[in-house]
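Okay, so here's the structure we're looking at.
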Amino acid sequence: KQSITLDLKDPADLEVAYELIERADIFLENWKPGGLKKFGLDSESVAARWPELIHASITGFGSAGGASMPGYDLLAQALSGFMEVTGSPDGPPQRAGVAIFDVVTGMHVTIGVLAALQERQRSGRGQHIEVDLLSSALSSLVNQTSGFVAIGNVPVRQGNEHPSLFPYGPFMAQDRELVICCGNDSQFGRLMTQL
Numbered sequence: 038k039q040s041i042t043l044d045l046k047d048p049a050d051l052e053v054a055y056e057l058i059e060r061a062d063i064f065l066e067n068w069k070p071g072g073l074k075k076f077g078l079d080s081e082s083v084a085a086r087w088p089e090l091i092h093a094s095i096t097g098f099g100s101a102g103g104a105s106m107p108g109y110d111l112l113a114q115a116l117s118g119f120m121e122v123t124g125s126p127d128g129p130p131q132r133a134g135v136a137i138f139d140v141v142t143g144m145h146v147t148i149g150v151l152a153a154l155q156e157r158q159r160s161g162r163g164q165h166i167e168v169d170l171l172s173s174a175l176s177s178l179v180n181q182t183s184g185f186v187a188i189g190n191v192p193v194r195q196g197n198e199h200p201s202l203f204p205y206g207p208f209m210a211q212d213r214e215l216v217i218c219c220g221n222d223s224q225f226g227r228l229m230t231q232l
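Under my numbering, think of the first position of the sequence shown as 38, with each following residue one higher.
Rendered as structure tokens:
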């Protein structure tokens, strides 16, 4: 692995960037939409100059309505509703302890690149893949978003409680908390025989 710093406003450095891309299989960038156009590195220019290249763009909020917003994980946590379902029921919205949607978005772009590599083997052509923090956040809210879409159920903070499973969370034992997870009646039955 090697690192290099280039000032794309410098014509010589921009030429170095072009030379690196010429040898690459994948061009991954996380500029705001439209930010690379002045360097000839927007999706249309890249596709025309390097038709076999896989070009992956990561943005905060896509290339339409939220294109001008900076891509911060905390903003994606707030706008997606994640913070509204995280924390104690009587407490304020809570962010995750890590930049979770930065990580999830990275996994999404990896999946997209792997699929594009396979398609390129078949067709010989590259693709432009767009992934954004907000879409990754919304897809990660799984049962919360599907419950809202299916029946209009507005998710709320439940702390460590689960909306449909019990026992499912931390319980105080004599010396510390113990996590118990029963996902079905059979597991619950086995738990009851062990107590």
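Just so you know, even glycine gets a beta-carbon here, dropped at the ideal spot from N, CA and C.
Annotation: Ser94 to Lys74 spans about 13 Å, alpha carbon to alpha carbon. Under DSSP, Asp169 takes part in a beta bridge, and its partners are Thr96. Between the C-alpha atoms of Ala153 and Leu228 there is a straight-line separation of about 46 Å.
Its chain contains Pro70, Glu167, Asp169, Leu171, Ser172 as the residues whose beta carbon lies nearer than 8 Å to that of Gly99, once the 5 sequence neighbours on both sides are disregarded; these appear in chain order.
Per DSSP, reduced to three states, the secondary structure at Phe119 is coil, with no helix or strand assignment. Pairwise C-beta distances place the region 193–211 in contact with the region 120–129, as three or more of them are shorter than 8 Å. Pairing Gly143 with His92 gives a Cβ-Cβ distance that is not under 9 Å. Checking the DSSP bridge columns, you'll see Phe64 partnered with His92.
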